[in-house]
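Read the structure below first, then the notes.
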DNA sequence: GCCAACGTTGGC
DNA sequence: GCCAACGTTGGC
């Protein structure tokens, strides 16, 4: 299967691009939405590339990029009674929630705010700018991914 | 903190 | 299987 591109949202107060840079990899735990889960379970392949989105941030936007480093496994938090992501319907034999492992690639030279994405005509098809789009994991078109990277990796001086 | 836009739950 | 009530997301 050819490589796919994704956007994954996280609240930087909880887990930011700097946390990912420090940890190198992370299990993308805590997704409790079936559509987002299905993307991780069924569609994500090792090597797929991921835009790292800071939601509930000031301002919200894209902070860097990463890659899928492991296929989906059962999300351990669904078995953890103390976790807010605990799910009493899940069992080890029949886990409900799955998550991939994501590996840090690079923090953008230039943070790309949501406002800036909205202003770019050639990024108009990106799902993240659509009104009411709450899905925390979204597919991204290759052309949009490449465009975002070229903006994000451009040195400040070239502005 | 507000609230629109969704997703989920549960009564019927 | 409908749909009202409720919960959550996330920009503003």
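Numbering (my numbering), first residue to last: 3 to 161.
No residue lacks a Cβ here, since even glycine has one placed at the ideal position from N, Cα and C.
Is the Cβ-Cβ distance between residue i and residue j less than 8 Å?
| i | j | result |
| --- | --- | --- |
| residue 108 | residue 67 | yes |
| residue 130 | residue 119 | yes |
| residue 50 | residue 70 | yes |
Nearest to residue i by alpha carbon, out of the options?
| i | options | result |
| --- | --- | --- |
| residue 59 | 151, 137 and 13 | 13 |
| residue 102 | 15, 31, 26 and 16 | 31 |
| residue 37 | 149, 155, 136 and 152 | 136 |
| residue 111 | 88, 154 and 26 | 154 |
| residue 164 | 97, 69, 71 and 74 | Outside the shown range of the chain, which is 3 to 161, sits residue 164, and nothing can be said about it. |
| residue 94 | 78, 84, 87 and 86 | 78 |
| residue 27 | 106, 15, 74 and 17 | 106 |
Starting from residue i and walking both ways along the beta strand (DSSP E), at which residues does that stretch end?
| i | result |
| --- | --- |
| residue 11 | 7 to 12 |
| residue 55 | 51 to 56 |
Could you spell out where the alpha helix (DSSP H) holding residue i opens and where it closes?
| i | result |
| --- | --- |
| residue 153 | 144 to 154 |
| residue 23 | 19 to 25 |
| residue 37 | 36 to 40 |
**Report entry** Secondary structure, beta strand (DSSP E): runs of 3+ residues fully inside the segment 58 to 120
**Finding:** Listed in chain order, they are 63 to 76 and 100 to 115.
Query raised in the report: Can we say the segment 9 to 25 touches the segment 49 to 56, given the rule of at least three CB pairs closer than 8 Å?
Result: Yes, the segment 9 to 25 touches the segment 49 to 56.
Query - the segment 137 to 144 touching the segment 9 to 17, judged by at least three CB pairs closer than 8 Å - result: The segment 137 to 144 is in contact with the segment 9 to 17.
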